[in-house]
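The structure appears right after this line, and notes come after that.
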Amino acid sequence: MVCRKCSESGHTARYCPNSQANSQNCFNCGQPGHVKSECFHVKERRPLVCRNCQQLGHKSVNCKNEPSRRMGKDGKPPRKPMMYVPAEDSISEMVPQLSYVNGNIETFDKDSVMVSDMTSTAPLVDFSDAIKYPSLLSKIPSLGYLIPTPIQRYCIPVIMAGYDLIACSKTGSGKSAAFILPILESLMNDATTPELQSISGKSTQEPLVIVISPTRELCRQLSNHFQVFSDEKSRRLGVATAYGGTHVQSNRNDIRRGTHILCAVPGRLKQFVEDKTVSFKRLRYFVLDEADRMLDQGFGEAIEFFNSHESMPSCDERQTLMFSATFPPRVEQLATSMMCSHRIIKVVIGTLGGVNSDVAQTFIETANFSEKREQLLNILESYPSVRRSTDINPSIRDRIIIFVSRKNMVDTVALYLNLNGFDATTIHGDRDQEQREEALRTVKLGRYPILVATAVAARGLDIKGVKLVINFDLPRDIDDYVHRVGRTGRVGQPGKAIAFYTSADAMLAPNLVDALEECGQPVPDFVSNAAANKDQDSRIIVEEKDDEGVWSTEETYWNA
Numbered sequence: 001m002v003c004r005k006c007s008e009s010g011h012t013a014r015y016c017p018n019s020q021a022n023s024q025n026c027f028n029c030g031q032p033g034h035v036k037s038e039c040f041h042v043k044e045r046r047p048l049v050c051r052n053c054q055q056l057g058h059k060s061v062n063c064k065n066e067p068s069r070r071m072g073k074d075g076k077p078p079r080k081p082m083m084y085v086p087a088e089d090s091i092s093e094m095v096p097q098l099s100y101v102n103g104n105i106e107t108f109d110k111d112s113v114m115v116s117d118m119t120s121t122a123p124l125v126d127f128s129d130a131i132k133y134p135s136l137l138s139k140i141p142s143l144g145y146l147i148p149t150p151i152q153r154y155c156i157p158v159i160m161a162g163y164d165l166i167a168c169s170k171t172g173s174g175k176s177a178a179f180i181l182p183i184l185e186s187l188m189n190d191a192t193t194p195e196l197q198s199i200s201g202k203s204t205q206e207p208l209v210i211v212i213s214p215t216r217e218l219c220r221q222l223s224n225h226f227q228v229f230s231d232e233k234s235r236r237l238g239v240a241t242a243y244g245g246t247h248v249q250s251n252r253n254d255i256r257r258g259t260h261i262l263c264a265v266p267g268r269l270k271q272f273v274e275d276k277t278v279s280f281k282r283l284r285y286f287v288l289d290e291a292d293r294m295l296d297q298g299f300g301e302a303i304e305f306f307n308s309h310e311s312m313p314s315c316d317e318r319q320t321l322m323f324s325a326t327f328p329p330r331v332e333q334l335a336t337s338m339m340c341s342h343r344i345i346k347v348v349i350g351t352l353g354g355v356n357s358d359v360a361q362t363f364i365e366t367a368n369f370s371e372k373r374e375q376l377l378n379i380l381e382s383y384p385s386v387r388r389s390t391d392i393n394p395s396i397r398d399r400i401i402i403f404v405s406r407k408n409m410v411d412t413v414a415l416y417l418n419l420n421g422f423d424a425t426t427i428h429g430d431r432d433q434e435q436r437e438e439a440l441r442t443v444k445l446g447r448y449p450i451l452v453a454t455a456v457a458a459r460g461l462d463i464k465g466v467k468l469v470i471n472f473d474l475p476r477d478i479d480d481y482v483h484r485v486g487r488t489g490r491v492g493q494p495g496k497a498i499a500f501y502t503s504a505d506a507m508l509a510p511n512l513v514d515a516l517e518e519c520g521q522p523v524p525d526f527v528s529n530a531a532a533n534k535d536q537d538s539r540i541i542v543e544e545k546d547d548e549g550v551w552s553t554e555e556t557y558w559n560a
């Protein structure tokens, strides 16, 4: 506190003991003896800057220059402040989207099983063999989980026995529940788990569980899973999310309400670790979902930051769990480097990195964009429920996902479909988070049964009723193809995938041949011919940045 009259500290001008009665410094120059209206000093003015061209010396009303965008200190246009605060879903809204009802789990029994140490634990026969907490055990059948899937049968005992885990199973096989159920069983039955009231309000939260995923949508989906299974008032666990595109302070406040379990993307989590909103000090479970992407596709630097952070417990003091449908060898080496070598268990159900055999795959040879559009309309005509109509119950409409490589072309394809009488919406990296969540919600409700998307929707998302996946543009990497196709044919239900193949996709052809042969599906002649013309080295696709940035730049630190 400094007095503006005498410049001494400890009092304000109103109570200044050093000034004469009713004396006052000039508001213009700050000197005593006169007031602002009598001041003869010229006040230094800020330079005049045109709002149109950003140049000095004139106003925008007189500007004759071309408009110029205002740039930040980094030379890039300033970003809009992120003011979006996601609405909280109620448990009753979450349950229908997470239910296994109508699943055909018996079809998984034909898949092969590989466990690196079969003597470590015995596989489950029933959920009650491992899950003992009453409310959690009662919740399992109510959601349609009647018997464990193979990935759950082998992974749940491994996690509960304290091992580090690398788990690989085809898309839609129940990988999320394979780590959610044993983690919740451990926390709910542990008397040392702090009560929510005891941690609520602390400026630095110390979660017991952190689950990291590559996209915002998958992050929120995992959070919903945890909330549904842990919805028990007498032992309530705090579940929070941390992902970009939302208001930072609101997100921070949500976490500070008390967080036992934090579902996050790398960017926002790194921000909160650096500003000490989150600490790893008490971490028990460190989980990477879609681990191959987390370690190999643009997020490796952030994951290394977490793993080497001063508050991160050593691998002996925490469990590290990694799940994905694909696990290239180079990624597996990175994964094991974060684990304790003496207690790593690897579980593989079915073919490592293989396409879901419940999905019937079809390839259509096309020459250009126009031909793709024509074929797209022909295909959609076979699905009358996705046409715009007021007579169809939205809940029974078929859902269709169309993958397009470029963000601007996503909007073009969706507009084309809407102009032709189909209800389509979009998700891609240039849409605000509020728009993305609203689009996903309308697809799940059936108001817009067609989702046109980039790779942001390729991993982990579980949308009920997806009958068809169309690769309008094929990806560059076979693992991305596996994940895209896996949005249908989930929980043992049959699905269908159609891909438009052009000469530009020849680099992928050898891998497509392998993938189709592994799951016993026919290989089109034009694909096998393209594969035969490629050198053997082309079977390893060179990974490079696609049109989404660093593999869609959905959640890098800089975009948090």
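Just so you know, we're using full-length UniProt numbering here: the sequence shown kicks off at 1 and counts up by one. Quick reminder that beta carbons are idealized off the backbone N, C-alpha and C, glycines included.
Judged by beta-carbon spacing, Pro266 lies within the 8 Å limit of Ile303, meaning their Cβ atoms are closer than that value. DSSP, reduced to helix, strand and coil, places Arg387 within a strand of the structure shown. Here the alpha carbons of Ser169 and Gly465 stand approximately 21 Å from one another. If you draw a straight line from the Cα of Arg343 to the Cα of Leu321, it is about 12 Å long. Every alpha helix (DSSP H) of 4 residues or more that sits fully in the region 306–372 is shown, in chain order, as 329–337. The Cβ atoms of Cys219 and Cys263 lie closer than 8 Å to each other. Secondary structure at Ala497: strand, using DSSP grouped into helix, strand and coil.
Counting only runs of 4 or more residues that sit fully inside the region 144–226, the alpha helix (DSSP H) segments are 150–160, 175–189, 196–199, in chain order. Between Leu516 and Ile478 a beta carbon distance of about 11 Å is seen, past the 8 Å cut, so the two are scored as non-contacting.
Just so you know, the alpha carbons of Thr12 and Cys6 end up roughly 9 Å apart.
Straight through space, the alpha carbons of Asp190 and Asn368 are spaced by roughly 60 Å.
Counted as a single uninterrupted DSSP element, the beta strand (DSSP E) harbouring Met114 occupies residues 113–115. Look at Phe286 here: in three-state DSSP terms it is strand.
His41 and Gly201 have their C-alpha atoms roughly 52 Å apart.
Collapsing the DSSP output to three states places Asn420 in coil.
Below 8 Å, too few C-beta pairs join the region 244–252 and the region 154–171 to call them touching: fewer than three. Look at Arg252 here: in three-state DSSP terms it is helix. Here Leu48 is exposed. Its C-beta has fewer than 16 other C-beta atoms within 10 Å. Sixteen is the threshold: when 16 or more other Cβ atoms of the shown chains lie within 10 Å of the Cβ of Glu217, as they do, the residue is buried. According to the DSSP assignment, Thr241 belongs to the beta strand (DSSP E) that extends over 239–242. If you compare the alpha carbons of Ser198, Tyr448, Gln249, Val523 with that of Pro394, the shortest gap goes to Tyr448. Rounded to whole angstroms, the gap between the alpha carbons of Thr259 and Ser90 is 18 Å. Here the alpha carbons of Ser142 and Tyr501 stand approximately 43 Å from one another. Cα atoms of Leu283 and Asn307: separation of roughly 12 Å, rounded to the nearest angstrom. If you check the CB distance, Lys496 and Val355 do not come in under 8 Å. With respect to Arg293, Ile401 sits apart: the two C-beta atoms are not nearer than 8 Å.
Boundaries for Asn529: no beta strand (DSSP E) harbours it, while the alpha helix (DSSP H) harbouring it runs 525–532, taken from the DSSP string.
For Val2, the CB contacts under 6 Å within the same chain, skipping 5 residues up- and downstream, are Ser9 in chain order.
Distance from the CA atom of Pro494 to the CA atom of Gln361, rounded to whole angstroms, is 11 Å. Cα atoms of Gly446 and Asn420: separation of roughly 18 Å, rounded to the nearest angstrom.
The beta carbon of Thr204 lies closer than 8 Å to those of Lys276, Thr277, Val278, Ser279 in the same chain, with the five residues before and after it left out. Distance from the CA atom of Asn52 to the CA atom of Asn62, rounded to whole angstroms, is 10 Å. In this structure, DSSP gives Val273 a helical state, which the three-state scheme calls helix. In the structure shown, Lys281 adopts coil according to DSSP, grouped into three states. For Thr426, the number of other beta carbons within 10 angstroms of its own is at least 16, and it is reported as buried. For Asn511, the enclosing alpha helix (DSSP H) stretches over residues 509–518.
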